[in-house]
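Chemist:
Residue numbers (the working numbering), protein chains in the order written: chain V, 1 to 718; chain H, 1001 to 1440; chain C, 2001 to 2316.
(1) Whose CA, out of 1360/H, 1381/H, 1176/H and 1035/H, lies closest to the CA of residue 318/V?
(2) Pick out the complete beta strand (DSSP E) segments inside the segment 2061–2126 of chain C, 3 residues or longer, and give them in chain order.
(3) Excluding the 5 residues flanking residue 1106/H on each side, which residues of the same chain have their C-beta closer than 7 Å to its C-beta?
(4) Can you find the residues in the same chain that come closer than 6 Å, C-beta to C-beta, to residue 590/V, ignoring five residues on each side of it along the sequence?
(5) Residues in its own chain within less than 7 Å of residue 1306/H by CB, not counting five upstream and five downstream?
(6) Tell me the start and end of each unbroken beta strand (DSSP E) in the segment 132–209 of chain V that is at least 3 residues and wholly inside, in chain order.
(7) Taking DSSP's pairing of strands, which residues face residue 1124/H in a bridge?
(8) In or out: residue 115/V buried (at least 16 other Cβ within 10 Å) or exposed?
(9) If you follow the alpha helix (DSSP H) that residue 408/V is part of, which residue opens it and which one closes it?
(10) Please give the ranges of any beta strand (DSSP E) in the segment 1280–1347 of chain H, keeping only runs that are unbroken, at least 3 residues long and fully inside the region.
(11) Run down chain C in chain order and give the residues with a C-beta less than 7 Å from the C-beta of residue 234/V.
(12) Ordered along the chain, which non-local residues of its own chain (more than five positions away) have a Cβ less than 8 Å from that of residue 1224/H?
(13) Is any beta-carbon of chain H found at less than 8 Å from that of residue 575/V?
(14) Going by DSSP, what residue range makes up the beta strand (DSSP E) through residue 681/V?
(15) Which one of 339/V, 613/V, 708/V and 19/V has the shortest CA to CA distance from residue 1030/H?
(16) I'd like to know if the segment 2089–2104 of chain C and the segment 1420–1432 of chain H are in contact, where contact means that at least 3 CB-CB pairs between them fall below 8 Å.
(17) Between residue 1239/H and chain C, is the shortest Cβ-Cβ distance under 8 Å, so that the two count as touching?
(18) Residue 2065/C touches chain H at which residues, Cβ-Cβ below 7 Å?
(19) Assign residue 2043/C to buried or exposed, taking buried as 16 or more other Cβ atoms, counted over all protein chains shown, within 10 Å of its Cβ.
(20) Give the straight-line distance between the Cα atoms of residue 508/V and residue 587/V, rounded to the nearest whole angstrom.
(21) Drop a sphere of 10 angstroms on the beta-carbon of residue 704/V, count the other beta-carbons inside from all chains shown, and report buried for 16 or more, exposed for fewer.
(22) In chain V, what lies closer than 9 Å to residue 2179/C by C-beta?
(23) At what residue ranges does the segment 2182–2245 of chain C contain a whole run of the beta strand (DSSP E), taking only runs of 3 or more?
(24) Start and end of the alpha helix (DSSP H) containing residue 27/V?
(25) Would you kindly check if the distance between the Cβ of residue 598/V and the Cβ of residue 484/V is under 8 Å?
(26) Could you have a look at residue 623/V and say whether DSSP puts it in helix, strand or coil?
(27) Quick test of your reading: residue 2142/C and residue 2171/C, contact by CB under 8 Å. State the CB separation rounded to the nearest angstrom.
(28) In this structure, how does DSSP classify residue 66/V when only helix, strand and coil are distinguished?
(29) Could you tell me whether any Cβ in chain C is nearer than 8 Å to the Cβ of residue 142/V?
(30) Nearest chain H C-beta to residue 2004/C closer than 8 Å, yes or no?
(31) Please confirm whether residue 274/V and residue 10/V have their CB atoms less than 8 Å apart.
(32) Under DSSP, the beta strand (DSSP E) around residue 118/V begins and ends at which residues?
(33) With 8 Å as the threshold, decide whether the Cβ of residue 659/V is near any Cβ in chain H.
(34) For residue 2020/C and residue 2305/C, what's the separation of their Cα atoms in angstroms?
(35) Could you list the residues in the segment 2254–2288 of chain C with a C-beta less than 7 Å from some C-beta on chain H, going in chain order?
(36) Which same chain residues end up closer than 8 Å to residue 2211/C when comparing Cβ atoms and leaving out the 5 residues on each side of it in sequence?
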């Protein structure tokens, strides 16, 4: 019986049924073969594969029995037969187990009859240990990125060949079973044990793919005879094998498929099946089967070098392209429309590596031109979230500047790009921007994106067509950031990067309080966790609120206790005075209580002069750094100053009475916005700076003179 | 120790500046960090003084030994592990000389102790103290020996005799030098205490039977009016030294048990003397007295002390300069790194491994490593250029090539402009240097 | 009498033990040593148990051309043959051997994995001591060398060096294939030390096969960093951080790179004694901060360290 998906998807129940029958057929066949062999050679007749230390590997690994002679096979087969009375998914897995043991017996018996049963055929049959040994650990340490088992008969031979070429180009090991062997041969694809493409054969011969996998575990995973749990664990984790199945599904194929699942090997089929998420997946489009399989097994093919005709690397990050050297310019001073946008898209909307240039390419412009430009990046990944878009999009700036002769500044729709004459002469064209972004995005964010495609548009009309989407996304993100409050999330993130020199310092990063170095906000930390799962950013569940006003939560306290190894029991995210957050040493600014305990001053790292609290930045930093809690003083990132949660337990933003002029001017816009939000228009000019005073009395006089709002608040210290 | 804010509550909040700090808050911060004394504030109330004195009295008493420029302080430690804050007062090394040595040799050997001195990363490392041990049985001889030694050195003295009258005669003549008297034991403690009190000298209390017995004796000596006490718990094996020293430190700083809250003297005698000195340096010894301190053993011991007593938050710095590595000539390139000692030593070792001649330019980054310095704005093209100018690098290397750390590759274009040199981006990790340099 | 309120830490955690070398009962041909198992800070047995004595590994190179003469002099011609050299170490009292296959460096002699494996085989046959094996430090080459080494010494339970962040898979695979133990290296940082253990266990290496090396910076070259990082790692392990509850290895041989250890200088005293103490002092600092295995280059230094170790453990 053969199933074809003519009337809607094949149900799992049908597949299970098929597999059970496959198991029965195989067992019967095996019994017949065994009876024949016994008749010919007697019980003492030897049974073994050539060149292996693992007898019948499938039996060795899964069943555990020692098989030397034909007499050893009876009990093994009986045990397999006994597995055939189940039902449903478990029954089908058991049937897969029985089928592979039966198939192993059938195949081994062929070798008991003639030493080289497949000599003269297109098939290699049993893959000897020496092949396994010659591949070595490369097979399991990701040097060889994976093992692809091609099974069945493809509907379209050309796409099958393309698939094989792709697999070979990426360095995968290929095992072929079924009609695909003849199809590939017909197209002149060379196969053999020394070519990393093993044509094992038809029908029960598929077991040679399985016994190969089992031996990989036995020899590279130090799995002992019959230790099914460790065998399964190793195969699931280390041997990154998958099955690509083509064409109709018969009983043996179904049984073999469940046997593969037992090995933790997922299957991608071109048939329309109901499927099991992450295990048995339908992908009718042959050109996408590989991508699907890679994503299932989390296979990452090492990014090749960025393929551009100019030098590429961090050394060129600081390079500027001056106007006379510029071949073409977009945005900024060129006053043309220019924007960039990175979006997380659906699985079917992103074709990995696809680069499209819409409009004129570089060589169609004369030297010294200006052009509008849009850089659109679409990514897909199972773990990719919309929230990560901004983190990835900000990287465009860095990556493009890595290219010699390419200069990029700004973000979103205020970007400004220059490409140098030299770069153009070296052959740089717009699609190289795509090459850079595809390679670098996958290299750095491989844990979250598996597909990247890039579109470069220089056609103004086409650009205008995409612009509304871009503007809408920017607006949405701004909204999201505004909505992204500490209350709106249930998880914060820790950052332990500074523990190397500040042993008890833990940055607790919340949506409204970024890391005190100013470099890592909540979204960065969240992305960081996905990129390096065991890295310095780990999620902190907030759990029950202990004090909403001061910003204290049970989960945060518990995490701090753990991460400071018992040194610090609690801290308040929004308080300066009571159990404030620890400070490491790389804070952008220090907030300090003033001598009259009525206000705070802010001093940034760059400011070297005296402050009204009587200490310079360096003295303050030396006193509060090193991972201690120092009530009255905290190290913060600049952006936290205008957060709604800025020392909100003590009156917040309006407590600020002094900050260096340079800092005030650099942040004026944000400061004014925050002041207006609080109904204190003109507040920013009530903040003194070093041109007004640098001593305690002077600051007090100033506050009275300008009627500083902090004067109306309760003192910080009673 | 209370926090700055807790201290601040007791201060007058006048911001008068008489304590040499511009504000009371700054003074409070300095107090909290052990960088000022409560007494420096003329306006603090008696109540405040009491409250602060009680809570800020160090769990281990600070004891001053000697006078003049070589006087030193020991004790006043607050931590069990150096990473928790730091170890404050480094171990002091003392060389023991017997009083039965003839005057001239005694003088020579004292001068030899004076000369046990090395310079390392800008610090002088030296022997700190001389002990005179009374073995002659002759009180006059002991007094004579002490005066010979005292005249030959400015280092503080440790006077070792159980014979109280002998010690009195010897110490009396030099009491202005504030020698450390050694030692009060269960038999002589009353007389010793009287002597120490009269001469105002610090006193070692020795008891090797156990810590309870030691604490008993200390209580008696203290009761007799001696405050400046140094403990000798008489460890005779490494195990005893390790355990007793740890117990004393722990009970003082974790339990604030003041009965043993004093600095510790370790007499490192016998065949394992150097091992005891090494152990005591890491495990809470305040003074280690040895009978011999040869330079080949003194150097590693002193460097160990320098390492262990480094403030974990203030890295050791190398002097910014141009250093020749592998005998470079004019044709050798310049390579720069930071003055953070660990970075410098690592880079130095890797260049040496390459055997390629290089001029190593150390840039002053205030002791920060490459990336940290870059992030903190202390390592820029201008900083590097300034360092090159100051060291005259460009006149010593004519190759016109500057190799920069891969971590700050982004400085390359700017550096090229500022220095006018050809900039090569080196490897990100120092370990890649041998391969990189050989490939030049 | 005054009762001193002795303060004793009570630890909830304990360092795991790792077996090195396999005896006949375990399918190997050598002595089997257990390392780790500490339940208290070093040498404070009154606060908990210290299960196993720290071990000393003597360093053997398969190419001694760059070896310091003060060390060479202690072995004579044995340095020309790793097997003899290893035997000399054991005769002098080392617990185990640390073999560095420096000759496999592709930029220098570029010995093949097979040659390297043959050297390992010879050393295994020369003594019954457990063996630590390092490649040359070049990632791609080490992958092949350690694979060959792992295979030729199956069931002998070597300690293979090393796995580090960004380059751990091939070493881990080589160790897993034949149940060898593995050195998890990190660069002077407690969180990185923890991270490499997590990466290895995620990869499938069992925790009782892992020994961490948090980088022992030698005396005068950053020893203070290592001393504190080691202490913090051990404290965290005892406090219950399971990912740090693994034995710690400290390689002290870098001490011989320090100029002050070996340069001739009239005011610095005898250079040989100085070098010996430089390495010994580094090693004693390692022991006091938590080392369970030391790698040493000089036998003279080993005698000093052995004496310190015996003394600290009260003669056992």
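Don't be surprised by glycine CBs; every beta carbon is placed ideally from N, CA and C. The model shown is predicted, which means the values in this text are computed figures rather than measured ones.
Modeler: Checking against the coordinates, here is how it stands:
(1) 1381/H
(2) 2096–2100
(3) 1097, 1145, 1148 and 1149
(4) 603, 620 and 635
(5) The residues are 1120, 1123 and 1125.
(6) As far as the segment 132–209 of chain V is concerned, its whole beta strand (DSSP E) runs of at least 3 residues are 147–152, 173–177 and 197–201.
(7) 1119/H
(8) exposed
(9) Unbroken run through residue 408/V is the beta strand (DSSP E), 406–409; no alpha helix (DSSP H).
(10) 1287–1290, 1322–1325 and 1334–1338
(11) Contacts between residue 234/V and chain C, judged by CB atoms closer than 7 Å, involve 2204 in chain order.
(12) 1189, 1190, 1193, 1194 and 1197
(13) no
(14) First-last for residue 681/V: undefined, no H or E at that position.
(15) Scanning 339/V, 613/V, 708/V and 19/V for the CA closest to the CA of residue 1030/H turns up 613/V.
(16) no
(17) yes
(18) None at all; the shortest Cβ gap to chain H is about 13 Å.
(19) Counting Cβ neighbours within 10 Å, residue 2043/C comes out buried, since at least 16 surround it.
(20) 13 Å
(21) exposed
(22) 222
(23) 2210–2213
(24) 12–41
(25) no
(26) helix
(27) 7 Å
(28) coil
(29) yes
(30) At a cut-off of 8 Å between C-beta atoms, residue 2004/C counts as an interface residue with respect to chain H.
(31) yes
(32) Neither: residue 118/V is in no beta strand (DSSP E) and is coded neither H nor E.
(33) no
(34) Cα to Cα, the separation comes out at about 21 Å.
(35) Correct list: 2257, 2260, 2267, 2268, 2269, 2270, 2273, 2274, 2277, 2278, 2281, 2284, 2285 and 2288.
(36) 2018, 2035, 2036, 2159, 2181, 2182, 2183, 2184, 2246, 2247, 2248, 2249, 2292 and 2293
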